[in-house]
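Numbering (the numbering used here), first residue to last: 6 to 214.
For glycine and all other residues, C-beta sits at the position ideal for the given N, C-alpha and C.
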Amino acid sequence: MKKLALTLILAMATSLSFSQTDSTATQQLAVKQDTVLHRITKTDGGKLIGIILKQDSREILLLTKDKREIYIPQHIIEKIEELSTSDFNNKGVFVGEDKFATRYFLTTNGLPIKKGDHYVQWNLFGPDFQFGVGKNLGIGVMTTWLGIPLIASIKKSWQLGDKTQFALGALVGTASWAAPDVGGFLPFGTISIGDRKKNLALSGGYGAV
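(1) Within a Cβ cutoff of 6 Å, which residues of the same chain sit near leucine 176, ignoring the five residues on either side of it in sequence?
(2) Leaving out the 5 sequence neighbours to the left and right, which residues in its chain are closer than 6 Å to glutamate 86 when beta-carbon positions are compared?
(3) Run the CB neighbour count on arginine 108, radius 10 Å, all protein chains shown included, and call it buried at 16 or more, exposed below.
(4) In terms of residues, what are the limits of the beta strand (DSSP E) holding alanine 213?
(5) Given isoleucine 189, which residues of its chain have a CB within under 7 Å of its CB, disregarding the five upstream and five downstream residues?
(6) Please report the straight-line C-alpha distance between threonine 90 and lysine 160, rounded to a whole angstrom.
(7) Under 8 Å by Cβ, that's how I've got glycine 166 and methionine 147 pegged, so tell me the actual separation to the nearest angstrom.
(8) How big is the Cα-Cα spacing for lysine 140 and lysine 70?
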């Protein structure tokens with residue numbers, strides 16, 4: 006009888022222990038959900054930011070900043086990105102990454118343009134077109150408003166650390182219509198420290214005309 010009573014007590018204690026563990030795990034999950042923000046990009050280009058409360062193979066339940074709960078079907082979701090505090094300004098407004106993070110006014114840095122991304126940088130002297138054509142690989146074309154010179158660029162980047170990047174690339178240019186026989190070639194290397202909002206780069210190269 007004593008053995009039976011002892012067995013029942015141990016069984017109840019074990020059950021209570023598992024129950025408390027499950028409850029603690031659930032609470033930890035809830036805390037995690039309450040602190041992680043995601044940006045959901047839909048196939049129509051629309052974007053929503055909030056906390057993912059529930060997700061299955063059919064839909065996502067998102068809690069937005071204004072406390073609305075929105076069900077989003079999985080088939081209209083193109084991308085889900087986890088956000089960090091650096092994606093918001095001091096007022097809590099989403100700012101995201103700088104579109105022109107891979108370049109300065111005239112020169113480039115070690116940060117790669119993402120595959121599929123592209124942009125046009127309108128400078129005082131002329132336009133600069135950049136395209137992400139592969140993993141950490143970008144090509145571009147820059148010129149002046151007169152089309153002199155016409156310069157093509159290529160750059161391949163590598164991530165050396167959390168905030169350290171290295172890139173190798175080249176510039177190939179011509180005087181275009183003004184002097185078709187005049188051209189130049191400039192291979193270069195760049196190392197940069199920082200992220201897509203703040204960074205410092207050191208570049209060097211040797212050119213030939």
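A quick look at the data gives this:
(1) So the qualifying residues of the chain are Ile156, Ser158, Leu191.
(2) For glutamate 86, same chain residues with a beta-carbon under 6 Å away, outside a window of 5 residues either side, are Arg44 in chain order.
(3) Looking at its Cβ environment, which holds 16 or more other Cβ atoms inside 10 Å, arginine 108 is buried.
(4) Following the DSSP letters along the chain, one finds alanine 213 in no beta strand (DSSP E), marked with neither H nor E.
(5) Sequence check: residue 189 is glycine here, not isoleucine. Result list for glycine 189: Gly178, Gly212, Ala213, Val214, in chain order.
(6) Cα-Cα distance, rounded: 30 Å.
(7) Glycine 166 to methionine 147, Cβ: 29 Å. No contact.
(8) Rounded to whole angstroms, the gap between the alpha carbons of lysine 140 and lysine 70 is 34 Å.
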